[in-house]
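Below is one structure, written out as structure tokens, with a few remarks after it.
Protein chains: 2
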Amino acid sequence: MRTAIFYHAGCPVCLGAEQMLADGIDRSKYRVEVVHLGEHADRVAEAEAAGVKSVPALVLNDQVFHINFGASIDALK
Amino acid sequence: MRTAIFYHAGCPVCLGAEQMLADGIDRSKYRVEVVHLGEHADRVAEAEAAGVKSVPALVLNDQVFHINFGASIDALK
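Protein chains in written order, with my numbering: chain A, 315 to 391; chain B, 315 to 391.
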């Protein structure tokens with residue numbers, strides 16, 4: 315079983331979309347884990363070691379995908 | 315059946331993302347379509363209308379996820 319790890323930090327703007335993407339992963343192929351780095355700071359080093367530069371990020375089989383789904387700076391003003 | 319459309323432009327970043335992410339989508343939930351915008355420029359307008367700003371991007375149920383950063387959609391026009 316391959317592993318998909320979703321790292322995030324509880325960004326309220328992003329949370330629903332993260333859930334949708336994590337739910338879209340084929341669970342017959344991947345064991346899916348969602349890690350809130352704000353609540354589990356002890357796992358930041360692990361995420362960094364996997365190559366995570368920002369959150370949200372999806373690590374599929376040790377390959378990192380940094381995901382930015384449109385939280386533009388204008389939307390945050 | 316929900317729809318997942320993966321837009322890309324053949325760049326190395328795109329192909330790596332396609333291979334891992336498109337294959338990881340749960341095909342019992344999503345009909346997956348892969349669109350190479352470099353070869354199908356007639357679909358750029360459709361991608362833009364869906365909110366795609368750069369490729370590779372994954373549109374899951376009308377929600378856009380921009381993955382890493384390969385190319386601006388403006389470069390594909």
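The beta-carbon is built from N, C-alpha and C at its ideal position, and this holds for glycine as well.
(message) Extract the residue ranges of the alpha helix (DSSP H) inside the segment 321-368 of chain A, only unbroken runs of 4 or more that lie entirely within it.
(response) Runs of the alpha helix (DSSP H) inside the segment 321-368 of chain A: 329-338, 358-364.
(message) Rounded to the nearest angstrom, what separates A/Val348 and B/Ser386 at their Cα positions?
(response) Mapped onto the first sequence, residue 348 of chain A falls at position 34. Mapped onto the second sequence, residue 386 of chain B falls at position 72. The alpha-carbon separation between A/Val348 and B/Ser386 amounts to approximately 29 Å.
(request) Output, in sequence order along the chain, the residues in the segment 355-373 of chain A whose CB is closer than 7 Å to any CB in chain B. (result) From the segment 355-373 of chain A, no residue has a Cβ closer than 7 Å to chain B.
(message) Can you pull out the residues from the segment 328-346 of chain A whose beta carbon lies closer than 9 Å to at least one beta carbon of chain B?
(response) For the segment 328-346 of chain A, residues whose beta-carbon sits nearer than 9 Å to a beta-carbon of chain B comprise Gly330, Ala331, Met334, Leu335, Asp337, Gly338, Ile339, Asp340, Arg341, Ser342, Lys343, Tyr344.
(message) Looking at B/Ile339: is its Cβ nearer than 8 Å to the Cβ of A/Gly324?
(response) If you number the second sequence from 1, residue 339 of chain B lands on position 25. If you number the first sequence from 1, residue 324 of chain A lands on position 10. Their beta carbons are not under 8 Å apart, which means B/Ile339 does not touch A/Gly324 by this criterion.
(request) Could you please give the first and the last residue of the uninterrupted beta strand (DSSP E) stretch that includes B/Ile387? (result) Counting from 1 along the second sequence, the entry for residue 387 of chain B is found at position 73. Careful: B/Ile387 lies outside any beta strand (DSSP E) and carries neither H nor E.
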